[in-house]
DNA sequence: CTGAAAGCGCTTACAG
DNA sequence: CTGAAAGCGCTTACAG
């Protein structure tokens, strides 16, 4: 049998109202009464039912998080950042994925309206923007963890993609590379266009504009990066560096270079983006532009919680710095 | 303003009881009445409040999941398997971690008693066994995803560690290795002892018992594997293979071998355990014993859901097969 | 087939 | 400082 507030009230000889007051630390209770009630709570091991509290208060002290996939190499860091922050605020985290088409979108939507959570964090799955916009308009607080879109309607946290692209460029220029191949992610993503722009501008400003034939769209996968580079080498294209828009594609590029007998970094220097845990374990270890994934999760969670608890909310946009992490794929040790 | 069951009842000209009946598909409703109610529900976009339903029914249609960390390389697969299964059953998933000491254990425990969820899936964090046992005794359904412990009290799913160890051994024997170094994980973990036993037995039965000096306890990290192998090589120990108890340690071993100028697999063959996503991307690609992490998550979730929905529950123990995945760290291509 | 009423376990005006 | 009562939005005997 569950112990309820009524049991506590009876055992302490007070009303449920009073128990509720000491539970919620409203000051209006006599010190000795409060002490007695607390003693009973401890003795009985009473814990309020979160469902009942939520119903009475009209909120659940739970946030939702929607992600496209949990198996991407950097997703664990983001979710860890979120869960740490959310738990520290004594909220719960309800996790959703949306990887099985319209069906799961619909299921997710109905969960939302069931008010299982008070606010939503999202790493945007494709084809969910319309739904998210609708939810947001209906009053659900939403914060985007933005690795790709550009949605001024929502508060979001993002990494400094433009600067990240520029820092990759500056590093390659510093180590004497002049003809880089750029292996972009899908160009429909805002982050991809930013990484490209930052990189392109830095090269242009140094007097070495990028060659259009050396800007190739890829798909953020290892296989995609590998095939693209293999194909370009077969075509006889000449380049002395690769800037891949994520680490997975960079690893594919390294594999293709190795397969052709080219040395990294002597013949071709390789730079990735993300700094996934794997990056320092490749052979050679991968130079990359670090996105602070865990911090992005933490900041997004804090932005959302501030909106839910009407603490003074931080601004609607947080851009976290990226930084070049120099390893041996660009510089001989 | 939230739309409630009372709004629907009023608009449809029936009682809340009747609305509730069509919502829950109890057959006792007149067909045309039911149709009318459904039409109103759709028109109003009514969705029942999960909190209220949970309170009235005494259960939340939510399961909890407790993990030590979300950033371990195989954890994403496990959680993905869980979340897919749980969502398909129209349950929610509440995620908890327990990586900040006694404080977070306590916070977690009180969430449990708040009945925010009906059952619990756990990848056991260290020092939580006592708490889990207490929860289980108090009637909370718990299923362990067992990568290390051995807790007959709980239903659990595990990989076939003994067979996995044996298959690693058989493969190394088949490629002519006779003096393997075994780089174990922490020996307090049951899975580690099983992997070792399976491996040892297979070698012994083939007439090549393991040499005690070549069984070395390590810690499941890349750095740990690297340092251990470096140290053994410095001591001049002679071995022609490494069986590491996880892929991370195997990668460390490969790095140490490479640093000493030894070739993999020509001089030393290397086998890991897990088959994390990284394993196929190492140089050379890593031969390993695959644990079906996603399936383990799925099976554990199904076991728990069966207990919650009194479907005929599967047995309390599920041992999922492991399989050797042969790559170039043991066999030249 | 249908509805009035009690109950799930809390919180919160309101009155004293 | 304290309590009785209504209310949060549902479900479920019970009665008809």
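Residue numbers (full-length UniProt numbering), protein chains in the order written: chain V, 1 to 333; chain H, 1 to 333.
Glycine included, C-beta positions come from ideal geometry on N, C-alpha and C.
Since the structure is predicted, the reported quantities are computational estimates derived from the model, not experimental observations.
Item                                                                                                                                              : Value
Where residue 47 of chain V sits in the DSSP three-state scheme                                                                                   : coil
Beta-carbon contacts of residue 182 of chain H that lie in its chain and below 6 Å, excluding the five residues immediately before and after      : 215, 243
Simplified DSSP assignment, three categories, for residue 118 of chain H                                                                          : coil
Residues near residue 301 of chain H in its chain [Cβ-Cβ closer than 6 Å; skip 5 each side]                                                       : 82, 85, 86
Secondary structure of residue 321 of chain H, DSSP reduced to three states                                                                       : coil
Contact list for the UniProt domain "HTH lacI-type" (3-57) of chain H against chain V, Cβ threshold 7 Å                                           : 47, 48, 49, 50, 51, 52, 54, 55
Length of the line joining the Cα atoms of residue 156 of chain H and residue 8 of chain H                                                        : 44 Å
Burial state of residue 212 of chain H (16 or more Cβ within 10 Å)                                                                                : exposed
Length of the line joining the Cα atoms of residue 97 of chain H and residue 70 of chain H                                                        : 8 Å
Interface partners of residue 113 of chain V on chain H, CB under 8 Å                                                                             : 45, 47
Residue 296 of chain H to residue 106 of chain H span [Cα, whole Å]                                                                               : 27 Å
Secondary structure of residue 219 of chain V, DSSP reduced to three states                                                                       : coil
is_contact[residue 262 of chain V, chain H] using C-beta, thresh 8 Å                                                                              : no
Close Cβ partners of residue 95 of chain V (< 7 Å) along its chain, the five nearest in sequence each way excluded                                : 65
Cutoff 8 Å: residue 107 of chain V Cβ touching any chain H Cβ                                                                                     : yes
Residue from V/272, V/39, V/316 whose Cα sits closest to the Cα of residue 164 of chain V                                                         : V/272
Inter-residue CB distance, residue 251 of chain V and residue 281 of chain H (contact presumed, cutoff 8 Å)                                       : 6 Å
Helix, strand or coil at residue 360 of chain V according to DSSP, with G and I counted as helix                                                  : Residue numbering for chain V in the displayed model covers 1 to 333; residue 360 of chain V lies beyond these limits and cannot be assessed.
CA-to-CA distance, residue 80 of chain V to residue 336 of chain V, given in whole angstroms                                                      : One cannot answer for residue 336 of chain V here, as it falls past the ends of chain V, which runs 1 to 333.
Environment of residue 167 of chain V [buried if 16+ CB atoms lie within 10 Å]                                                                    : buried
Residue range of the unbroken beta strand (DSSP E) whose run includes residue 160 of chain H                                                      : Unbroken run through residue 160 of chain H: none, as it is neither H nor E.
Limits of the beta strand (DSSP E) - the one that residue 65 of chain V falls within                                                              : 62-67
Contacts around residue 184 of chain V, its chain only, beta-carbon distance under 6 Å, and the 5 residues preceding and following it disregarded : 192, 196, 217, 245
Straight-line gap, residue 234 of chain V to residue 285 of chain V (C-alpha atoms, nearest Å)                                                    : 25 Å
is_contact[residue 272 of chain V, chain H] using C-beta, thresh 8 Å                                                                              : no
Residues that DSSP places opposite residue 145 of chain H in a beta bridge                                                                        : H/157
Buried or exposed (CB count within 10 angstroms, at least 16 for buried), residue 287 of chain V                                                  : buried
Pick from V/76, V/159, V/236, V/73 that is closest to residue 340 of chain V, judged by C-alpha positions                                         : As shown, chain V starts at 1 and ends at 333. That puts residue 340 of chain V outside it, with no answer to give.
Endpoints, the alpha helix (DSSP H) within which residue 248 of chain H is located                                                                : 247-259
Test: residue 131 of chain H CB closer than 8 Å to a CB of chain V                                                                                : no
Beta-carbon separation (whole angstroms), residue 304 of chain H vs residue 139 of chain H, contact threshold 8 Å                                 : Going by Cβ atoms, the distance from residue 304 of chain H to residue 139 of chain H rounds to 14 Å, so no, they are not a contact pair.
Positions along the region 201-227 of chain H whose CB lies within less than 7 Å of some CB in chain V                                            : 222
Residue 176 of chain V to residue 206 of chain H span [Cα, whole Å]                                                                               : 57 Å
Any C-beta of chain H under 8 Å from that of residue 328 of chain V                                                                               : no
Residues of the region 69-98 of chain V with Cβ closer than 8 Å to any Cβ of chain H, in chain order                                              : 69, 70, 71, 72, 73, 75, 76, 77, 79, 80, 83, 84, 87, 90, 92, 93, 94, 95, 96, 97
Contact the region 15-23 of chain H vs the region 32-41 of chain H: 3+ CB pairs below 8 Å                                                         : yes
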